[in-house]
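Since the structure comes first, as structure tokens, the remarks are kept for the end.
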Amino acid sequence: MHEISNQLHFAEHSLQEVALIFMAIVYTLRVVWLVRFKAGKERQPATGLAGTTPRKGILYSWANIAMPWAMESTRKNFFIYVQFAIFHIGVVSAITLSFFIPYAPNLMANPVLITVFQISIGGAFIVGVMRIIRRSTVKVMRHISTPDDYFSLLLLTVWFGFAFFAVPNQPQNGETALVVYFWLTAFFLVYVPFSKISHYLYYPFTRYYFGKSMGYRGVYPMVRKG
Amino acid sequence: MSRVRSQKAELVIERLGKKLNRQIVGSLVACVHCGMCTDACHYVLANPDDPSYAPAAKADKLRKLFKRHYDWTGRVIPWWVGAKSIFTDEELEDLKDTVFGKCTNCRRCSINCPMGVDFATYNRMTRGLLVSVGIMPEGVAVVSKDQWEIGNQMGVLTEDYLDTLEWMGEEMQEELDDETAIIPIDKEDADIVYTINPREVKYDPRTISDAGKIFHVAGANWTMPSEGWDMTNFGLFSGDDALGGSVAARVYDKLQEIRGKKLVISECGHGYRSTRCEGPNWAGMDIGFEMESSVITMLNFIKEGKIQVDKTRNTTPVTFHDSCNNARSCGLFEEPRELLKLVVTDFTEMYPNRAENYCCTGGGGAMSMSEYTPQRLKSGIVKANQLKDTGAKIVVTSCHNCVDGLNDVIKHYKLGMEVTQLVNLVANALVIPEKKVVPVVEVAEAVVEEAIAEEAVEAEEIKKELVLTGRKILIVDDEPDIRTFFGAVLEDNGAIILEAGDGDQAIEIANSEKPDLITLDLSMPGKDGGKVFEALRSNPETERLKICIITGRPELRKLIYDQELSKPEGYLDKPVDEDTLVLNVRKILELS
Ligand code: SF4
Ligand code: SF4
Chain A
15 MHEISNQLHF AEHSLQEVAL IFMAIVYTLR VVWLVRFKAG KERQPATGLA
65 GTTPRKGILY SWANIAMPWA MESTRKNFFI YVQFAIFHIG VVSAITLSFF
115 IPYAPNLMAN PVLITVFQIS IGGAFIVGVM RIIRRSTVKV MRHISTPDDY
165 FSLLLLTVWF GFAFFAVPNQ PQNGETALVV YFWLTAFFLV YVPFSKISHY
215 LYYPFTRYYF GKSMGYRGVY PMVRKG
Chain B
-1 MSRVRSQKAE LVIERLGKKL NRQIVGSLVA CVHCGMCTDA CHYVLANPDD
49 PSYAPAAKAD KLRKLFKRHY DWTGRVIPWW VGAKSIFTDE ELEDLKDTVF
99 GKCTNCRRCS INCPMGVDFA TYNRMTRGLL VSVGIMPEGV AVVSKDQWEI
149 GNQMGVLTED YLDTLEWMGE EMQEELDDET AIIPIDKEDA DIVYTINPRE
199 VKYDPRTISD AGKIFHVAGA NWTMPSEGWD MTNFGLFSGD DALGGSVAAR
249 VYDKLQEIRG KKLVISECGH GYRSTRCEGP NWAGMDIGFE MESSVITMLN
299 FIKEGKIQVD KTRNTTPVTF HDSCNNARSC GLFEEPRELL KLVVTDFTEM
349 YPNRAENYCC TGGGGAMSMS EYTPQRLKSG IVKANQLKDT GAKIVVTSCH
399 NCVDGLNDVI KHYKLGMEVT QLVNLVANAL VIPEKKVVPV VEVAEAVVEE
449 AIAEEAVEAE EIKKELVLTG RKILIVDDEP DIRTFFGAVL EDNGAIILEA
499 GDGDQAIEIA NSEKPDLITL DLSMPGKDGG KVFEALRSNP ETERLKICII
549 TGRPELRKLI YDQELSKPEG YLDKPVDEDT LVLNVRKILE LS
């Protein structure tokens, strides 16, 4: 195996570990902050059809994102839903990559795995570019976007770009892509809790409570007919 | 230099902190500005070029305040995450125009947000914050005051309510030809305590007698309360939990006082949601009795064989509109359909439907905010297209608010449809059980008695038909067809008819003839109905004349109700059918 520079070794290990610890601490604080707000309760007896329960509502609500037919917004905007799926698969791949390269480099010798990573991350990069275009050209998207929205999207798209080139893990052919990818990963981990990217931390909470209420009131699981 | 903040703005920020709970905070922090909810909103669909209608844009108006004062990134780097404080009363007014004027709290965006952001719920909370510092549309202030002070949101006095019940009881007796058909008031230990919307007393008393007929024929042990009878709750619209709790508690307390077993809520979306779903939470009460929508009660009557219905009496093609509060917030969408299919022959589903249906435009108290009527009616294009596509002639809904909202949309977009409720259709399809068969041995005697009874009925009918005998009624309308129709109907009931085709003529005839009642159209060339009303009410000679507004343009109501003059004695939306016209005229003239 090719020897890597100290600079790259630092970026792959110490830097990532510090960033991860930082992220875990800030996330914990964030979750503590959120649960310190009291949860609203429903005193009334449940409504809706027999068979709809808070439990079913919660499960349906969590699973909603994997059921593009369940919401009108994803049915009507199926192309955007597909983009969403590709983008998030890319995020999972690029994060997994940041563990595989330093801790299981042998896996990265597998050409099939390399192809899988490159397709998923490359696809996410293309979607990232499309999302940047959508956010900056569609009137309503411009209207609702903050600097953080643009920056987060740009950050992830650039990160995908470097991750794509880092996938083969060939430092002997040049370390630039790998070094930049790992520095971006570290920055990403530190920046996430302060940005909208932290939405995945809130997602289980919001969908849990919304699903619980909608299940209790007999709206979830949704019935569609006619 | 730090900016000075108005006292109201200061209070809003402070109270926001107290209102936050985990669900609301979740919704405030979780939005990723993906825009997926945008097309879910009927305001957006009607205003595609105005991004300020996008749910996320509306939501951000409160979110920025939350971020600036209660979220860490917003406190440290506000501009980066779009956080911003509020300083002036003008900014609060602007917020008011968004949360009251650009959103009906219909919750359609909420069910379409992949993140589970429930904007409608915190839009209501924002309304509550503004109301707490006295910033709200005038209509909201007026209606809230009525509900606080008089106990119902239309300011109906107890005596008027009880009079109407008595009158409707008489109607039931006549229609059923049964002296035992009465509306029991405050009957103790009743199985059903029936609560209604004050709109039924004021504009649609037929729904009360129709429900009464159904309860009577079903043999139900039922009653209506003399107090705490208004199951609507403006607290839902104004966001004022204290009002919501107090109104709901009035209803629950009365039921407990008369030891009722089940609270049945007449067809009203926001009333059902407030009383059945939110009231116990606002009032902080644990409810020990059952509560259900009258839709479920009527359906159970049929299923249990307590009433029989004949659907062939309702053959006109109908469609069904789901009230947002019923369907999207309480899961009441299958039962109305089940009931509807039992009482009509020709039902077409509209699309989308159930929890995905669009708002009628009248939700969230929008009908009481006349300043936002133009944008509300513009947003109605979505509903209008939905209705048109069904090809139905009648739209059925289980909500009084939706009846008004839909009527406005239908008139504005000239759809020529009628709006009705399930209770009317069930009553129309109701099979009245035949009277006992007379034994053969008593035939001769029975025949004589029958003949006498028939004569009495005929005499009664003639008396009833001519109940307006001698009453002078002035019909003011610029449309000759309307004058002819109203004139013929009222004349058939014994009234003496006077007609005016414009405002000047109306004032002149009113001055010279002093009619018992004036039916007044609002939209007329030259002097409109508002000016005629003002002229009549400002003249000591005519100020006491009874006036019933009959208009096809409800958005013009403000011409009357914004004036600081005593209110008209009646109000009807066109088109008006014969029965409604006569019933309302009799009510105004206090003729039973
Ligand atoms: S769909 Fe949800 S997350 Fe996306 S913009 Fe709307 S409220 Fe925000
Ligand atoms: S609650 Fe209804 S009216 Fe309000 S923004 Fe959402 S979709 Fe639009």
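Those protein sequences? They're chains A and B, same order as listed. If you count by my numbering, then the first sequence holds residues 15 to 240, one letter each, in order. If you count by my numbering, then the second sequence holds residues -1 to 590, one letter each, in order. All C-beta atoms in this analysis are idealised placements derived from N, C-alpha and C, irrespective of residue type, glycine included. Please read all numbers here as calculations on a predicted model, not as lab measurements.
For residue i, which residues of its own chain have a beta-carbon under 7 Å away from its beta-carbon, when the five flanking residues on both sides are left out?
{"i": "V341 (chain B)", "result": "V307, K309, N312, L423, V424, A427"}
{"i": "T346 (chain B)", "result": "P315, T317, T388, G389, A390"}
{"i": "P82 (chain A)", "result": "T88, R89, F92, Y95"}
{"i": "G207 (chain B)", "result": "In the sequence on display, residue 207 (chain B) carries Ser and not Gly. Here the set comprises M166, E169, M170."}
{"i": "I430 (chain B)", "result": "L174, V215"}
{"i": "T343 (chain B)", "result": "K309, T310, N312, T313"}
Counting only C-beta atoms, is residue i closer than 9 Å to chain B at any point?
{"i": "N124 (chain A)", "result": "no"}
{"i": "G188 (chain A)", "result": "no"}
{"i": "I100 (chain A)", "result": "no"}
{"i": "Y217 (chain A)", "result": "yes"}
{"i": "I147 (chain A)", "result": "no"}
{"i": "K90 (chain A)", "result": "yes"}
{"i": "T42 (chain A)", "result": "no"}
{"i": "K239 (chain A)", "result": "yes"}
{"i": "Q304 (chain A)", "result": "No statement about residue 304 (chain A) is possible, as the shown extent of chain A runs from 15 to 240 and does not include it."}
{"i": "K70 (chain A)", "result": "no"}
{"i": "M37 (chain A)", "result": "no"}
Using a Cβ cut-off of 9 Å (strictly closer), state whether residue i contacts chain A.
{"i": "F64 (chain B)", "result": "no"}
{"i": "K351 (chain B)", "result": "Residue identity check: residue 351 (chain B) is Asn in the sequence provided, not Lys. Yes, its Cβ sits closer than 9 Å to a Cβ of chain A."}
{"i": "A52 (chain B)", "result": "yes"}
{"i": "E288 (chain B)", "result": "yes"}
{"i": "S108 (chain B)", "result": "yes"}
{"i": "L14 (chain B)", "result": "no"}
{"i": "S327 (chain B)", "result": "yes"}
{"i": "W227 (chain B)", "result": "no"}
{"i": "F331 (chain B)", "result": "yes"}
{"i": "C104 (chain B)", "result": "no"}
Note down the Cα distance separating residue i from residue j, rounded to an integer number of angstroms.
{"i": "V206 (chain A)", "j": "F93 (chain A)", "result": "26 Å"}
{"i": "A118 (chain A)", "j": "A77 (chain A)", "result": "32 Å"}
{"i": "Q184 (chain A)", "j": "T110 (chain A)", "result": "17 Å"}
{"i": "E198 (chain B)", "j": "I146 (chain A)", "result": "54 Å"}
{"i": "T42 (chain A)", "j": "T205 (chain B)", "result": "57 Å"}
{"i": "R221 (chain A)", "j": "V115 (chain B)", "result": "8 Å"}
{"i": "C328 (chain B)", "j": "I84 (chain B)", "result": "35 Å"}
{"i": "T230 (chain B)", "j": "D526 (chain B)", "result": "33 Å"}
{"i": "T151 (chain A)", "j": "L167 (chain A)", "result": "14 Å"}
{"i": "F51 (chain A)", "j": "K65 (chain B)", "result": "15 Å"}
{"i": "D189 (chain B)", "j": "D251 (chain B)", "result": "16 Å"}
{"i": "L215 (chain A)", "j": "I133 (chain B)", "result": "36 Å"}
Leaving out five residues on either side along the sequence, give the residues of the same chain with a beta carbon under 6 Å from the beta carbon of residue i.
{"i": "G568 (chain B)", "result": "C546, N582, I586"}
{"i": "G499 (chain B)", "result": "D476"}
{"i": "S4 (chain B)", "result": "T86, D87"}
{"i": "I242 (chain A)", "result": "Missing from the structure shown is residue 242 (chain A); chain A here goes from 15 to 240 and no further."}
{"i": "G277 (chain B)", "result": "A246"}
{"i": "L63 (chain A)", "result": "G232"}
Exposed or buried, what is residue i when buried is set at 16 or more other beta-carbons lying within 10 Å of its beta-carbon?
{"i": "K412 (chain B)", "result": "exposed"}
{"i": "H410 (chain B)", "result": "buried"}
{"i": "L464 (chain B)", "result": "exposed"}
{"i": "Y201 (chain B)", "result": "buried"}
{"i": "Y349 (chain B)", "result": "exposed"}
{"i": "A38 (chain A)", "result": "exposed"}
{"i": "R542 (chain B)", "result": "exposed"}
{"i": "V46 (chain A)", "result": "exposed"}
{"i": "I100 (chain A)", "result": "buried"}
{"i": "Y51 (chain B)", "result": "buried"}
{"i": "Q373 (chain B)", "result": "buried"}
{"i": "V435 (chain B)", "result": "Reliability fails at V435 (chain B), whose pLDDT of 46 lies under 50, so the model's placement of it is uncertain and the value that follows must be treated cautiously. Result: exposed."}
Closer than 9 Å, CB to CB, is residue i near chain C or not?
{"i": "Y222 (chain A)", "result": "No chain C is present in this structure, whose protein chains are A and B."}
Near residue i, which residues of its chain fall below 8 Å by C-beta distance, leaving aside the five closest residues on each side in sequence?
{"i": "P523 (chain B)", "result": "D476, D500"}
- Query: Curious, which full-length alpha helix (DSSP H) runs of at least 4 residues does the segment 112 to 184 of chain A contain?
  - Reply: 125 to 151, 153 to 158, 161 to 180
- Please go through the segment 320 to 383 of chain B and give each complete alpha helix (DSSP H) segment of 4 or more residues, from N-terminal end onward. 322 to 328, 332 to 341, 371 to 377
- Task: Starting from the N-terminal side, write out each stretch of the beta strand (DSSP E) that is 3 residues or longer and does not extend beyond the segment 189 to 243 of chain B.
- Result: Fully enclosed beta strand (DSSP E) runs of 3 or longer: 190 to 193.
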